[in-house]
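Below you'll find the structure, written out as structure tokens, and then a few comments.
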Ligand SMILES: Nc1ncnc2c1ncn2[C@@H]1O[C@H](COP(=O)(O)OP(=O)(O)O)[C@@H](O)[C@H]1O
Ligand SMILES: [Mg+2]
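Residue numbers (my numbering): -13 to 297.
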């Protein structure tokens, strides 16, 4: 009763892990990850934001939070995930990445698996996880995009952003069998502009790939979003009535209605298992491209494998 969103999510049978990616950097991945995360948290979902842009961590800095330890310590076995998690607006949980630690940009697939596996400890305390990935097509992005049920591709109306978003989708789809994309138009003027941008990207995707990513929606260009950043706050928190804040709240509501995996052992096992397939190199035989590839969705048959397959 007091928590309709969570009940709603559970009724749908599972919880999503959402990777936020883009081709080009600087198009709004972190803004989307943080504000969407806080919007979900405000709806009562226990939301964990994983700052997986490991080499250039900025979620904690962006929010003016003081991260003592970070994921680098967890990977090195010097801290438990519990110890590094920060609390942001609306109770958003944040697992800070490793700032300026070069090593973190060079994690092996097994080490990435270690990061993901560490979240198992908190599985009972998380309803949804958002992963803020790095720009471009690094190992990091590939690993997390493959591990997630939904890959949100942020795009702005600039040729380089559209081209790079297409390139990212092409590589993830063609080489890594990722099909579950959703396009988010950022910094657009209005709904029509967002739709136009989506259609433009979709036209290219459909011409060259057998894939029809869904439109997630749009976030308008908003000076309040920038103002909030300067104040090291989130726009949904500092300026809840601004147009971008309202957009993020609408997107949060939409996310709770997405199709979800159904599995008795929970989403995190699915997350780890998916990742195991991503890093095992066995995906070509294990995951034939499904005829439903045009619909972002989950192959629930794969949700029951053990997390132990990671190593
Ligand atoms: N909807 C928006 N309205 C206005 N400015 C935006 C919006 N989204 C992003 N920005 C601007 O773009 C900058 C980069 O955004 P950020 O989320 O850090 O991108 P990324 O994580 O992809 O590098 C922000 O600092 C902000 O100035
Ligand atoms: Mg960023």
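All C-beta atoms, glycine included, are put in the ideal place defined by N, C-alpha and C.
Check: Among all residues, which have a Cβ less than 5 Å from at least one non-hydrogen atom of ligand 2, and in what chain order do they fall?
Finding: Near ligand 2, meaning a Cβ closer than 5 Å to any of its heavy atoms, lie the following residues in chain order: 15, 16.
Margin query: Taking 8 Å as the cut-off, does the stretch 132 to 150 touch the stretch 65 to 85 (at least 3 CB pairs, one atom from each stretch)?
Written below: no
Item checked: Rounded separation between residue 202 and residue 215 - CA only -> 23 Å
Next item on the list: Inspect the beta-carbon positions of residue 55 and residue 69 and report whether they are closer than 9 Å.
Entry: yes
Next item on the list: Taking only the alpha-carbon atoms, compute the straight-line gap between residue 191 and residue 132 and give it to the nearest angstrom.
Entry: 19 Å
Notebook entry, point to check: What three-state label does DSSP hand residue 70 in the structure shown?
Noted result: helix
Checklist line | Pairwise C-alpha distance: residue 115 and residue 239 | finding: 15 Å
Item checked: Alpha-carbon to alpha-carbon, residue 59 and residue 163 -> 32 Å
Notebook entry, point to check: When you compare only the Cα positions, how much space is there between residue 101 and residue 9?
Noted result: 23 Å
Check: What residue does the alpha helix (DSSP H) around residue 178 start on, and which one ends it?
Finding: 177 to 194
Notebook entry, point to check: Considering residue 136, what are the terminal residues of the beta strand (DSSP E) in which it resides?
Noted result: 136 to 141
Notebook entry, point to check: Count the other CB atoms within 10 Å of the CB of residue 308; is the residue buried (16 or more) or exposed (fewer)?
Noted result: Summary: the structure shown does not reach residue 308, with the chain confined to residues -13 through 297, and so no result is reported for it.
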